[in-house]
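Numbering (the working numbering), first residue to last: 1 to 274. Glycine is no exception: its CB is placed at the ideal position from the N, C-alpha and C atoms. Below is one structure, written out as structure tokens; the observations come after it.
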């Protein structure tokens, strides 16, 4: 196990607080969080008794929460922090979710549930053949399917003109409060330099001078709402503007609640590869 630093310790403290909450509700006090790029994207505490669900371990709940937040079952690049060494089920779930690393606090000192169900192979050849055919066709189709991937920070840490060129054809994704996912293709984009910010609101300009991937929603050139995404090149703060997003953002009212969001880590707004 690699050593963990002080930031990792903060994640474990959050997991411990979730464990305390679970214990106060009559559950075994275990808590877990999922972290990506330094941001907690999923939280969970034991809920077996509350939900009458044998799979509702803290780790499973945190993984489910992270998948909902990120809109994907693949948690590549994520780490799981849990207050108790994971059981076999939770380790398998973490692996299935492609979690990079699991960090746990307390180690198992006693016996866990020892009951093991009997595993019986169906000996009906027709059933086996049908099942294999279904799986073979599905796996073949899935391998050929293009999978969407969130654009990472490196995409936005380039010259704004290059980002504007490359972002056309990508997909802007918004997650609504009710859980619905909206996807909209980026049809046009243009670069704006730091000089252009002089005529903009100073607070807005500061927001776009940060790390690449910071967003702001505001009218552009007196027209409909546009989405600004910061592009970061050392010594040369820039941004990319995506015009004509009024209809999309009106789902959220004015869209101001997105201001300052980071598309590399946000669970409400991000971009996917085409």
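- Apart from sequence neighbours up to five positions away, the residues of its chain that approach residue 182 with a beta-carbon distance below 6 angstroms are 174, ordered along the chain.
- Within a 10 Å sphere around the beta-carbon of residue 37 sit fewer than 16 other beta-carbons, which makes this residue exposed.
- Secondary-structure assignment with DSSP links residue 193 through a beta bridge to 238.
- Inclusion of residue 216 and residue 259 in the CB contact set at 7 angstroms is warranted, their separation being smaller than that value.
- Here residue 175 is bridged, per DSSP, to 181.
- Rounded to the nearest whole angstrom, the CA to CA distance from residue 226 to residue 249 is 9 angstroms.
- Residue 76 and residue 100 have their C-alpha atoms some 6 angstroms from each other.
- Measuring C-alpha to C-alpha distances from residue 32 to each of 90, 128, 172 and 263 identifies 90 as the nearest.
- Taking a cut-off of 8 angstroms on C-beta distances, the region 42-61 touches the region 9-27, as three or more cross pairs fall below it.
- Taking C-alpha positions only, residue 69 is separated from residue 98 by approximately 16 angstroms.
- By the neighbour-count definition (other C-beta atoms within 10 Å, threshold 16), residue 53 is an exposed residue.
- The shortest CA-to-CA distance from residue 263 to any of 171, 188 and 223 is the one to 171.
- Assignment of beta-bridge partners to residue 104 by DSSP yields 82.
- The C-alpha of residue 184 is placed about 34 angstroms away from the C-alpha of residue 11.
- In the displayed model, residue 44 falls within a strand according to three-state DSSP.
- Just so you know, the alpha carbons of residue 266 and residue 213 end up roughly 10 angstroms apart.
- In the three-state reduction of the DSSP assignment, residue 36 falls in the strand class.
- Per DSSP, the continuous alpha helix (DSSP H) segment holding residue 88 begins and ends at 88-96.
- Under the three-state reduction of DSSP, residue 31 is assigned to strand.
- Residue 272: not part of any alpha helix (DSSP H); member of the beta strand (DSSP E) spanning 269-272, first to last residue.
- Here the alpha carbons of residue 104 and residue 86 stand approximately 8 angstroms from one another.
- Judged by DSSP secondary structure, residue 246 falls within the alpha helix (DSSP H) whose first and last residues are 246-249.
- Ranked by Cα distance from residue 231, the options 133, 244 and 160 are led by 160.
- For residue 16, the CB contacts under 7 angstroms within the same chain, skipping 5 residues up- and downstream, are 31 and 83 in chain order.
- Counting C-beta atoms within 10 angstroms of its own C-beta, residue 126 has fewer than 16 neighbours from the protein chains shown and is therefore classed as exposed.
- In the three-state DSSP reduction, residue 218 falls in the strand class (E or B).
- Residue 124 and residue 59 have their C-alpha atoms some 37 angstroms from each other.
- Taking 7 angstroms as the cut-off, the Cβ atoms of residue 65 and residue 43 count as close.
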